[in-house]
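Data first, discussion second: the structure below is written as structure tokens.
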Amino acid sequence: MSRQRSRSVKYYCCPVCGKNSTDRIAIEKHYRERHPVKIDEVIYCNICGAGWHVNAYGDRGARERAAACYQSHIDNGDMDETAGRAFFLSGGSFGYVNVKKGGLQDGKKEKEPGKRE
Ligand SMILES: [Zn+2]
Ligand SMILES: [Zn+2]
């Protein structure tokens, strides 16, 4: 009497469409061949970091919108302010910091008042 009461069978499932098989190699092959990596590209405004998906707007449409956004900051005159905010929020990926003459040094003095003790 050595009959087993249960047995386990492993099925390997495709994470995309759910197709499954006991043949792991077959599923891995299916996954690679049937579901190529999707590409999405985002065009960002270099001042504020707003982005437009190429899949949604097309390559040209996304670039035009980003360029229009960029131009709008120049037209509005909020370029430096917006870029400065975007720079810090994005950790330096977008925008820039405009260092004015004397401005950085003045800022430094204000931030380190406690070192005089
Ligand atoms: Zn699949
Ligand atoms: Zn912008």
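Adding 8 to a residue's 1-based position in the sequence shown gives its number in the working numbering.
Ideal Cβ placement from N, Cα and C applies to all residues, glycine included.
All of these numbers come straight from a predicted model, not from anything done at the bench.
Query: Closer than 7 Å: ARG32 CB and nearest ligand 1 heavy atom; Result: no
Query: Alpha-carbon spacing of TYR65 relative to GLU41, whole angstroms; Result: 28 Å
Query: Per DSSP, the bridge partner or partners of GLY59; Result: TYR52
Query: C-alpha gap between VAL50 and CYS77, whole angstroms; Result: 14 Å
Query: Cβ neighbour criterion (16 or more within 10 Å) applied to ALA94; Result: buried
Query: DSSP bridge partner residues for TYR20 (one or two, in chain order); Result: SER29
Query: 6 Å CB neighbourhood of PHE102 in its chain, flanking five on each side removed; Result: GLY57 and ALA94
Query: Inter-residue Cα distance where the pair is PHE96 and ILE33; Result: 47 Å
Query: Residue environment, CYS53, which counts as buried when at least 16 other CB atoms sit within 10 Å; Result: buried
Query: Proximity test, Cβ basis, 8 Å: ARG40 and chain D; Result: The chain inventory of the structure shown lacks chain D, comprising one protein chain alone.
Query: CB contact flag (TRP60, ALA74, <8 Å); Result: yes
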